[in-house]
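By full-length UniProt numbering, the letter at position 9 of the sequence shown is numbered 9, and the numbering carries on one by one without gaps. Below: one structure, written as structure tokens.
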Amino acid sequence: MEHPGNLFVVAAPSGAGKSSLVKALRSFDARVYPSVSHTTRAPRGQEKHGREYFFASEQEFDAMVANNAFVEWANVHGKRYGTSKKGIQDRLANGEDVLLEIDYQGALQVRESFPQAVLIFILPPSWEELRSRLENRGEDAPEVIELRMKNAEEEMAQVGKFDFVIINELFESALFDLKAIIHAQRLKYASQRRLRGDVFDSLNLS
Ligand SMILES: Nc1ncnc2c1ncn2[C@@H]1O[C@H](COP(=O)(O)OP(=O)(O)OP(=O)(O)O)[C@@H](O)[C@H]1O
Ligand SMILES: Nc1nc2c(ncn2[C@@H]2O[C@H](COP(=O)(O)O)[C@@H](O)[C@H]2O)c(=O)[nH]1
């Protein structure tokens with residue numbers, strides 16, 4: 001589907017640091033809109049409905065699937081997560097840049113509907129560091145951490161299907177890489193033509 005906004009998809013195993021990177025990115029770049037997903041998992045800590053996620057019951061999620069309301073959805077770590085069409089289509093159509101923070105299954109589904117989406121994978125620097133980040137975050141029970149570490153093997157095996165890979169070792173360096181990818185995408189001909197059509201027109205460029 002063609003649309004004027006850029007669509008960025010960031011995937012990573014749980015704990016690699018994608019939420020932290022996207023949050024930091026937003027403090028520099030208000031032009032990129034992070035989509036809020038629906039999930040059947042329970043809220044953690046300070047999470048608020050409509051801010052981190054729309055928390056849905058299994059029945060509510062089933063109804064959205066039946067109504068074809070999702071661009072993508074997947075089972076991740078035993079719960080369901082999905083990106084609603086409503087949340088992103090209008091923004092993209094209005095020329096806004098949208099960023100999805102989702103798992104690899106969802107990312108590959110998004111590519112089917114939006115072939116021009118930019119798929120970015122975040123890797124941790126090591127297995128030890130991934131475990132230590134999950135443990136130090138202090139949000140998940142030990143059995144949940146074990147499940148996420150186990151699932152990370154399958155997730156990381158998908159890295160070659162992505163357009164860009166960022167290794168999140170030093171946070172500032174990974175953030176720089178993320179900003180660079182977004183900036184490069186915005187500098188592409190089609191994006192510039194959409195944003196700066198007046199300049200192209202005045203230069204008599206088509
Ligand atoms: N470069 C880094 N160095 C050290 N710690 C980091 C780095 N990046 C993120 N962290 C920390 O690692 C933990 C996990 O990060 P975060 O919650 O952003 O991961 P995530 O990939 O979004 O996980 P999930 O998919 O479960 O939401 C957090 O406590 C965060 O502060
Ligand atoms: N396919 C999708 N995956 C999603 C979506 N929203 C989040 N996620 C991924 O789920 C896991 C776990 O997240 P957590 O908040 O419970 O730690 C993580 O990999 C997210 O990226 C979505 O809409 N679709």
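For each residue, glycine too, the CB sits at the ideal point set by N, CA and C.
C-alpha distance - residue i paired with residue j, whole-angstrom precision
i: residue 110; j: residue 102; result: 10 Å
i: residue 78; j: residue 32; result: 29 Å
i: residue 54; j: residue 14; result: 19 Å
i: residue 175; j: residue 156; result: 20 Å
i: residue 118; j: residue 39; result: 23 Å
i: residue 153; j: residue 34; result: 26 Å
i: residue 37; j: residue 178; result: 21 Å
i: residue 134; j: residue 41; result: 17 Å
i: residue 90; j: residue 114; result: 14 Å
i: residue 236; j: residue 16; result: Missing from the structure shown is residue 236; the chain here goes from 1 to 206 and no further.
i: residue 3; j: residue 95; result: 7 Å
i: residue 59; j: residue 204; result: 55 Å
i: residue 165; j: residue 46; result: 30 Å
i: residue 66; j: residue 162; result: 29 Å
i: residue 21; j: residue 108; result: 21 Å
i: residue 69; j: residue 85; result: 6 Å
i: residue 124; j: residue 132; result: 11 Å
i: residue 104; j: residue 158; result: 7 Å
i: residue 201; j: residue 194; result: 11 Å
i: residue 170; j: residue 130; result: 13 Å
One or two residues paired with residue i in a DSSP bridge
i: residue 62; result: DSSP lists no partner for residue 62.
i: residue 75; result: 80
i: residue 191; result: None, per the DSSP bridge assignment.
i: residue 88; result: According to DSSP, residue 88 bridges with nothing at all.
i: residue 34; result: 99
i: residue 49; result: 53
i: residue 39; result: 55, 81
Nearest-angstrom Cβ-Cβ length linking residue i and residue j, presumed shorter than 8 Å
i: residue 7; j: residue 147; result: Not really, about 29 Å apart at Cβ, beyond 8 Å.
i: residue 61; j: residue 44; result: That pair is no contact at about 18 Å.
i: residue 199; j: residue 122; result: That pair is no contact at about 34 Å.
i: residue 50; j: residue 72; result: 20 Å between Cβ atoms; not a contact.
i: residue 18; j: residue 24; result: With 8 Å as the limit, residue 18 and residue 24 do not qualify as a contact, their Cβ atoms being about 11 Å apart.
Three-state secondary structure (DSSP) of residue i
i: residue 176; result: helix
i: residue 93; result: helix
i: residue 166; result: strand
i: residue 9; result: strand
Where the alpha helix (DSSP H) containing residue i begins and where it ends
i: residue 152; result: 142 to 156
i: residue 27; result: 18 to 28
i: residue 110; result: 104 to 113
i: residue 134; result: 127 to 137
i: residue 199; result: 197 to 202
Endpoints, the beta strand (DSSP E) within which residue i is located
i: residue 123; result: 118 to 123
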